[in-house]
Amino acid sequence: MLDKMDDIRKEWIQSDILIFNSGHWWTPMKLFQLRLVDSSQSLNERYEMLRVFLRRDENLASPKSLSLYDKI
């Protein structure tokens, strides 16, 4: 979905606020269902999860952006 954002930028480029309703994909149950985390949660998998969240934060790090989310 985010890959397609550039294709429709004319619709949102002048917006002051963009709201992404994607938080439900990051719940613990979804991560297990998608097999991104197994029940043992090895150190490598935890590192990968941390890397995903850090990348998200880097992408949102902008003077005009604000990210509000609940901790899992």
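For the sequence shown, the UniProt record's numbering gives the first residue as 1, with consecutive numbering after it.
Glycine is no exception: its CB is placed at the ideal position from the N, C-alpha and C atoms.
Because the structure is a prediction, the values reported are computed rather than measured.
Exercise. Cα separation between Glu-58 and Ile-8?
Worked result: 22 Å
Exercise. Leaving out five residues before and five after Leu-54 in sequence, what residues of the same chain have Cβ atoms less than 7 Å from its Cβ?
Worked result: none
Exercise. CA-CA distance, residue 98 and Leu-50?
Worked result: No statement about residue 98 is possible, as the shown extent of the chain runs from 1 to 72 and does not include it.
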